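Chemist: Chains as they are written, first to last, in my numbering: chain U, 45 to 246; chain S, 45 to 246.
Even for Gly, the Cβ is constructed at its ideal location relative to N, Cα and C.
Please read these numbers as outputs of a predicted model, since none were measured by experiment.
#1: Which residues in chain U sit within 7 Å of residue 201/S, going by Cβ to Cβ distance?
#2: Measuring alpha carbon to alpha carbon, tell me which of 60/S, 48/S and 126/S ends up nearest residue 213/S.
#3: With C-beta atoms as the reference, is residue 103/S less than 9 Å away from residue 85/S?
#4: Per DSSP, what kind of secondary structure is residue 243/U in: helix, strand or coil?
#5: Could you check what DSSP says for residue 144/U in three-state terms: helix, strand or coil?
#6: Helix, strand or coil, according to DSSP, for residue 232/S in the structure here?
#7: Would DSSP call residue 53/U helix, strand or coil?
#8: Tell me, please, whether the CB atom of residue 189/S is closer than 9 Å to any CB atom in chain U?
#9: Skipping 5 residues on each side, what residues in its chain have a beta carbon closer than 8 Å to that of residue 127/S?
#10: Give me the Cα-Cα distance between residue 139/U and residue 50/U, rounded to the nearest whole angstrom.
#11: Along the chain, where does the alpha helix (DSSP H) that runs through residue 88/S open and close?
#12: Taking C-beta pairs closer than 8 Å, name the residues in chain S that residue 195/U reaches, listed in chain order.
#13: Smallest Cα separation from residue 71/U: which of 238/U, 225/U and 229/U?
#14: Given residue 189/S, which residues of its chain have a CB within under 7 Å of its CB, disregarding the five upstream and five downstream residues?
#15: Residues in its own chain within less than 7 Å of residue 146/U by CB, not counting five upstream and five downstream?
#16: What distance in whole Å lies between the Cβ atoms of residue 67/S and residue 164/S, which are believed to be in contact at a cut-off of 8 Å?
#17: What number of angstroms, rounded off, separates the C-alpha of residue 135/S from the C-alpha of residue 144/U?
#18: Can you look up residue 126/U in the DSSP assignment and give me helix, strand or coil?
#19: Does the distance from the CB of residue 195/U to the CB of residue 57/U come in under 9 Å?
#20: Using only the alpha-carbon positions, how far apart do residue 65/S and residue 120/U sit?
#21: Look at the Cβ atom of residue 133/U, then the Cβ atom of residue 75/U, and state whether they are nearer than 9 Å.
#22: Within 9 Å of any Cβ in chain S, is that where the Cβ of residue 70/U sits?
#23: Apart from the five residues just before and just after residue 91/S, which ones in its own chain have a Cβ nearer than 8 Å to its Cβ?
#24: List, in chain order, every chain S residue whose beta-carbon is nearer than 9 Å to that of residue 168/U.
#25: Quick check on DSSP: helix, strand or coil for residue 62/U?
#26: By a C-beta neighbour count over all protein chains shown, 10 Å radius and 16 as the cutoff for buried, is residue 79/U buried or exposed?
#27: Closer than 9 Å between beta carbons: that is the criterion. Which residues of the segment 136 to 154 of chain S meet it against chain U?
#28: Taking only beta-carbon atoms, is residue 234/U less than 9 Å away from chain S?
#29: Ends of the alpha helix (DSSP H) at residue 187/S?
#30: What's the gap between the Cα of residue 82/U and the Cα of residue 48/U?
#31: Using DSSP's beta-bridge definition, name the partner residues of residue 209/U.
#32: Provide the residue span of the alpha helix (DSSP H) that contains residue 103/U, from first to last.
#33: Rounding to the nearest angstrom, what Cα-Cα distance links residue 238/S and residue 69/S in this structure?
#34: Tell me the DSSP secondary structure of residue 83/S in three-state form.
This is the structure we're talking about:
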């Protein structure tokens, strides 16, 4: 395997999804893993693009087959990451992004020791609160619950390799690109990618 | 300590020194550690800029005092890296580059577990041979000895974190800058640098 596996985790309100999409647009060698989910599509969501939308029965059959590298249940809905798809993408030298939570990250690290964990945080508590409030007309209670969840996520930051502070979008994107570029320069990657060169030099 | 310690190692002919100088010109937060040496200055070399030129007696006194993070003897000349200077630079948040060989890198890693090792290689055996020949009018025997030394260096590549292939200079420089940028995003660095933010978010 020569591709890199990057785990991207963030509390909601950190702006992770916009960063991921900007990276994908600019870098043809990166693929985003599309999760399987049993939740219903939201307006505008496309099957196979935002998620693979499957029935509970299909999800459970895949789970029983050991198809998921990591899976989670959130508010009664199931989410899972296909291990086969990831292994195939990595084998062909593509880098793979996983947008998952810290619990999923923990599961992935057990199987892919070389996976690189990137944690994205908002630039301040005030910005985080604004972003959490900004989504629709939710009650103070809902916003408060989201903030508590975000704090819980942030308490797991230490389990990640890199932390990107999403203050200025372009800076955060350049940070993400630098981490990916550095990953591609890791000694084992370079050895696999330029085997002939290193044979001739040694 | 919040600065990063980067070890740069390369066989001669890899073009390391030009990369280091280009990086230093572009990034004011990086400092190059200046080694102490007992060898005589070559024409054009400046004391305190290329090396700290010291007598054998001075060098040995520093060595006895434990002043050197790493030291080596090459062709009867002594070379050493000041530990105090590095610790002071790192403490003030500056990143420090060490241009040392693989043996020095080994010594440094024992004391600075977070040090990042970068190994620079030429793009091909032919280019390496050309670069080794290109330096003055040396005999075939001398060139052959240099090539053997380069191969010995390259055999230690696996002890480093990153490998940069110096084919196109600008690409190699951008690689080096990406590694440094990624280092600055490491979780412990970010925590130290943005302590207030993470206290407010947690």
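Modeler: Quick look at the numbers:
#1: Within the second chain, the letter at position 157 stands for residue 201/S. Within 7 Å Cβ-Cβ: 231.
#2: Residue 213/S sits at position 169 when you count from the first residue of the second chain. For residue 213/S, the nearest C-alpha among the options comes from 60/S.
#3: Along the second chain, read from residue 1 onward, the residue named residue 103/S stands at position 59. Along the second chain, read from residue 1 onward, the residue named residue 85/S stands at position 41. Against a cut-off of 9 Å, the Cβ pair of residue 85/S and residue 103/S comes out as no contact.
#4: Start at 1 with the first residue of the first chain, and residue 243/U comes out as number 199. Here residue 243/U sits in helix by DSSP.
#5: Position 100 of the first chain, counting from 1, holds the residue named residue 144/U. In this structure, residue 144/U counts as coil in the three-state DSSP scheme.
#6: Here residue 232/S refers to the residue found at position 188 when the second chain is read from its first residue. It is helical.
#7: Locating residue 53/U in the first chain gives position 9, counting from the first residue. Strand at residue 53/U.
#8: Within the second chain, the letter at position 145 stands for residue 189/S. By this cut-off, residue 189/S is not an interface position.
#9: The residue given as residue 127/S occupies position 83 in the second chain. The answer, listed in chain order, is 110, 111, 112, 113 and 155.
#10: Locating residue 139/U in the first chain gives position 95, where the first residue counts as 1. Locating residue 50/U in the first chain gives position 6, where the first residue counts as 1. Looking at the two C-alpha atoms, the distance is approximately 8 Å.
#11: By 1-based counting over the second chain, the position of residue 88/S is 44. Unbroken run through residue 88/S: none, as it is neither H nor E.
#12: Position 151 of the first chain, counting from 1, holds the residue named residue 195/U. Here the neighbours are 245 and 246.
#13: Taking the first residue of the first chain as position 1, residue 71/U is located at position 27. Nearest option by C-alpha distance: 225/U.
#14: Working through the second chain from its first residue, we reach residue 189/S at position 145. Taken in chain order, the list of residues that qualify is empty.
#15: On the first chain, position 102 is the one that residue 146/U refers to. These residues qualify, in order along the chain: 53, 197, 200 and 203.
#16: Your numbering for residue 164/S matches position 120 in the second chain. Your numbering for residue 67/S matches position 23 in the second chain. That belief does not hold up - the Cβ atoms of residue 164/S and residue 67/S are roughly 12 Å apart, past 8 Å.
#17: Position 91 of the second chain, counting from 1, holds the residue named residue 135/S. Position 100 of the first chain, counting from 1, holds the residue named residue 144/U. Distance between the alpha carbons of residue 135/S and residue 144/U is about 35 Å.
#18: As a working mapping, residue 126/U is identified with position 82 in the first chain. Strand at residue 126/U.
#19: Start at 1 with the first residue of the first chain, and residue 195/U comes out as number 151. Start at 1 with the first residue of the first chain, and residue 57/U comes out as number 13. Not closer than 9 Å, so no.
#20: Counting from one through the second chain, the residue named residue 65/S turns up at place 21. Counting from one through the first chain, the residue named residue 120/U turns up at place 76. Each residue's Cα considered, the two are about 57 Å apart.
#21: Numbered from 1 along the first chain, position 89 holds the residue referred to as residue 133/U. Numbered from 1 along the first chain, position 31 holds the residue referred to as residue 75/U. Cβ distance < 9 Å, so residue 133/U and residue 75/U count as in contact.
#22: Here the question's residue 70/U lines up with position 26 in the first chain. It does not; no Cβ of chain S falls within 9 Å.
#23: The count along the second chain starts at 1 and reaches residue 91/S at position 47. So the list reads 85 and 97, once near-sequence residues are dropped.
#24: Residue mapping note: residue 168/U aligns to position 124 of the first chain, counting from 1. What residue 168/U touches in chain S: 241, 244 and 245.
#25: As a first step, residue 62/U is located in the first chain; it is residue number 18 there, counting from the start. Correct three-state label for residue 62/U: helix.
#26: Locating residue 79/U in the first chain gives position 35, where the first residue counts as 1. By the 10 Å Cβ count, residue 79/U comes out buried.
#27: none
#28: The sequence position of residue 234/U within the first chain is 190, counting from 1. With 9 Å as the cut-off, residue 234/U counts as an interface residue toward chain S.
#29: The count along the second chain starts at 1 and reaches residue 187/S at position 143. Segment 184 to 198, the alpha helix (DSSP H) holding residue 187/S.
#30: Against the first chain, residue 82/U aligns to sequence position 38. Against the first chain, residue 48/U aligns to sequence position 4. Using only the alpha carbons, I get a separation of about 28 Å.
#31: Taking the first residue of the first chain as 1, we reach residue 209/U at position 165. Its beta-bridge partners are 165/U.
#32: Stepping through the first chain from its first residue, residue 103/U is reached at position 59. Here the alpha helix (DSSP H) through residue 103/U covers 100 to 108.
#33: Your numbering for residue 238/S matches position 194 in the second chain. Your numbering for residue 69/S matches position 25 in the second chain. So the alpha carbons of these two residues sit roughly 26 Å apart.
#34: In the second chain, the residue the question calls residue 83/S occupies position 39. Looking at residue 83/S - three-state DSSP - the assignment turns out to be coil, as it is neither helix nor strand.
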